[in-house]
Amino acid sequence: MATVGGTSETTQMYLRTVLELDLAGVPALRARLRERLAHTAPAISQTVERLVKDGLLELRESDKVLLLTDSGRSVAEAVLRKHELAEHLLTSLAGLDAASAHEQACDWEHVISDDVEKRLRERLGTPVPCPFTAAV
């Protein structure tokens, strides 16, 4: 599995989810992560604690909102770019509907290398934002 900035797929999914919530103006609480990732509360807590320890997330104590650090935002944005590029590829070239492309892109975003991303972007142009991200 390819990694973004040396991060695992789980880390990438958590960071991308926090970014999507932020972009939608929804406070990134652990409960929101549970809803979107379908992980147990203990798994969410354990992973969030690790991401805070690793300097990728901060926990604002006053309201328990999770915030991306600069490093965490960088990883999350890279994963989201690859996700959107995969969706663009799958809808425009493979002819998948948006929902199917989104589901597949969730897998592809973790294995597209930076070099492949650059080459695809040169050939496909800039993709439109993920419709499911906007709907968060």
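The sequence shown runs contiguously to residue 160 in the working numbering.
Built from N, CA and C at the ideal position, the CB exists for glycine as well.
Only a predicted model underlies this, so the values are computations on that prediction, with no experimental measurement involved.
Legend entry - Spatial distance of residue 145 from residue 93 (CA atoms): Start at 1 with the first residue of the sequence shown, and residue 145 comes out as number 121. Start at 1 with the first residue of the sequence shown, and residue 93 comes out as number 69. About 26 Å.
Inset, instruction - Would you mind listing the alpha helix (DSSP H) stretches within the stretch 90-144 that are 4+ residues and don't spill past its ends, in chain order? - result: 94-116 and 122-132
Legend entry - Residue(s) in a DSSP beta bridge with residue 82: As a working mapping, residue 82 is identified with position 58 in the sequence shown. Partner(s): 91.
Legend entry - Spatially closest choice to residue 137 from 45, 38 and 107, by CA coordinates: The residue given as residue 137 occupies position 113 in the sequence shown. Nearest of 45, 38 and 107 to residue 137, Cα basis: 107.
Inset, instruction - Look up residue 35 in the DSSP assignment and say whether it is helix, strand or coil. - result: Locating residue 35 in the sequence shown gives position 11, where the first residue counts as 1. Helix.
Inset, instruction - Grab the span of the alpha helix (DSSP H) containing residue 48 for me, first residue to last. - result: Here residue 48 is taken as the residue at index 24 of the sequence shown, counted from 1. Where residue 48 is concerned, there is no enclosing alpha helix (DSSP H), because DSSP gives it neither an H nor an E.
Legend entry - Three-state class that DSSP yields for residue 53 in the structure shown: Translated into positions along the sequence shown, residue 53 becomes position 29. Reduced to three states, the DSSP call for residue 53 is coil.
Legend entry - Residue environment, residue 59, which counts as buried when at least 16 other CB atoms sit within 10 Å: One-based indexing of the sequence shown puts residue 59 at position 35. Under this definition residue 59 is an exposed residue.
Legend entry - Given 8 Å, three or more beta-carbon pairs between the stretch 111-119 and the stretch 64-77: no
Inset, instruction - Please confirm whether residue 109 and residue 52 have their CB atoms less than 8 Å apart. - result: Numbered from its first residue, the sequence shown carries residue 109 at position 85. Numbered from its first residue, the sequence shown carries residue 52 at position 28. Cβ atoms of residue 109 and residue 52: not closer than 8 Å.
Legend entry - Of the listed residues 104, 132, 65 and 120, nearest to residue 150 (C-alpha basis): Mapped onto the sequence shown, residue 150 falls at position 126. Nearest C-alpha to residue 150: 104.
Legend entry - Contact set for residue 120: own chain, Cβ-Cβ below 6 Å, skip 5 residues either direction: Working through the sequence shown from its first residue, we reach residue 120 at position 96. Taken in chain order, the residues that qualify are 114.
Legend entry - Where residue 64 falls, given that 16 or more other Cβ within 10 Å makes a residue buried: Position 40 of the sequence shown, counted from the first residue, corresponds to residue 64. Residue 64 comes out exposed.
Inset, instruction - Provide the residue span of the alpha helix (DSSP H) that contains residue 62, from first to last. - result: Working through the sequence shown from its first residue, we reach residue 62 at position 38. Element bounds for residue 62: n/a, residue is neither H nor E.
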